[in-house]
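Chemist: Protein sequence lines, in the order shown, are assigned to chains A and B. Take the first sequence: its letters are residues 9 to 91, numbered as in this note's numbering. Take the second sequence: its letters are residues 23 to 191, numbered as in this note's numbering. Beta carbons: idealized from backbone N, C-alpha and C, even for Gly. Keep in mind that this is a model prediction, so the values were computed, not measured.
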Amino acid sequence: MTAILAYIPLLDPIPVFHDWWFLLLIPLALGISVIYKAMRVPDLREFWRQVAVMTTLIVLAMIAGAILLTIFVRVLIPLIPVE
Amino acid sequence: MAASSSSQPQPQAVFSPTAAILAWLWPGLGHISLGERKRGLLIMFGVLFLFLGGLLVGGLDCVDRRHDKLWFLAQSFCGPLAFAADIANQRLVQTVPEDWSRGSEGRRRFVEGDPDLRRRLSRIGLGRVNEMGTLFIALAGLMNVVVILDALYYVPPSAAKRREGDAEP
Numbered sequence: 009m010t011a012i013l014a015y016i017p018l019l020d021p022i023p024v025f026h027d028w029w030f031l032l033l034i035p036l037a038l039g040i041s042v043i044y045k046a047m048r049v050p051d052l053r054e055f056w057r058q059v060a061v062m063t064t065l066i067v068l069a070m071i072a073g074a075i076l077l078t079i080f081v082r083v084l085i086p087l088i089p090v091e
Numbered sequence: 023m024a025a026s027s028s029s030q031p032q033p034q035a036v037f038s039p040t041a042a043i044l045a046w047l048w049p050g051l052g053h054i055s056l057g058e059r060k061r062g063l064l065i066m067f068g069v070l071f072l073f074l075g076g077l078l079v080g081g082l083d084c085v086d087r088r089h090d091k092l093w094f095l096a097q098s099f100c101g102p103l104a105f106a107a108d109i110a111n112q113r114l115v116q117t118v119p120e121d122w123s124r125g126s127e128g129r130r131r132f133v134e135g136d137p138d139l140r141r142r143l144s145r146i147g148l149g150r151v152n153e154m155g156t157l158f159i160a161l162a163g164l165m166n167v168v169v170i171l172d173a174l175y176y177v178p179p180s181a182a183k184r185r186e187g188d189a190e191p
């Protein structure tokens, strides 16, 4: 609590995301989608819907990648025989 | 299929170095100068969202020309904003002593509990928070490279939309 009260935005590192850093993927994907779709969407009335779709796809792809890597590291690697 | 799409007239790209320079000077300004005000404002919102988000998460220490040279290379494509953040970082955060060896001035001030030194040390980001903040700002810079290239070889969206409409069966 003291750390949050002492926090000066834009100057100090934020003291709340040390354990929940992976949640920052969502605003990261949102920012990338906004910039990309602002250039590529022919009709800007579709803009926010396409941003939502792209953000969701990025987050789902990252989750799928995390699951595959977890299986590889926790299941497949231990199956390799050790001499 | 390939032959029919290649026979379609390609939309004319406008070569605009001025728009590219403006896009580097302030994200989104290049597209605004090309008459795409709404697109420019959306690009500006996106890049500034990532840039300020990175500073909010990781603090000023995320933009560091001296210690994170490669990251700063990507961040520098955000334009003068990144250089301003780096100057602020060098003046406000990176003034802690480099030498922490026994008997050094830095060690002595730290042991004596110098409040100014402790405050400056607390502003140096560590661990995941620093990594994520640095990544946010680096990605803002790299996305702005795409924006700069889009402004440099600009294809009006009306022409691009017509091309997409022609490609549909």
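1) Can you round the beta-carbon distance between residue 43/A and residue 165/B to whole angstroms, since I take them to be within the 8 Å contact cut?
2) Counting Cβ pairs, one atom from each stretch, are 3 or more of them under 8 Å apart for the segment 30 to 42 of chain A and the segment 52 to 71 of chain A?
3) Leaving aside the five residues before and after residue 61/B along the sequence, list all residues of the same chain whose C-beta is less than 6 Å from its C-beta, in chain order.
4) Quick one: Cα of residue 43/B to Cα of residue 170/B, how far?
5) Is there a C-beta anywhere in chain A that falls below 9 Å from the one on residue 172/B?
6) Within 9 Å of any Cβ in chain A, is that where the Cβ of residue 88/B sits?
7) Between residue 107/B and residue 139/B, is the Cβ-Cβ spacing less than 9 Å?
8) Excluding the 5 residues preceding and the 5 following residue 158/B in the sequence, name in chain order all residues of the same chain whose CB lies nearer than 7 Å to its CB.
9) Does the distance from the CB of residue 64/B to the CB of residue 46/A come in under 9 Å?
10) For residue 35/A, return the contacting residues in chain B, with the cut-off set at a CB-CB distance below 7 Å.
11) Check the Cβ of residue 40/A against every Cβ in chain B and list those closer than 7 Å, keeping chain order.
Modeler: Quick answer:
1) 4 Å
2) yes
3) 53
4) 8 Å
5) yes
6) no
7) no
8) 72, 75, 76 and 79
9) yes
10) 75
11) 161 and 165
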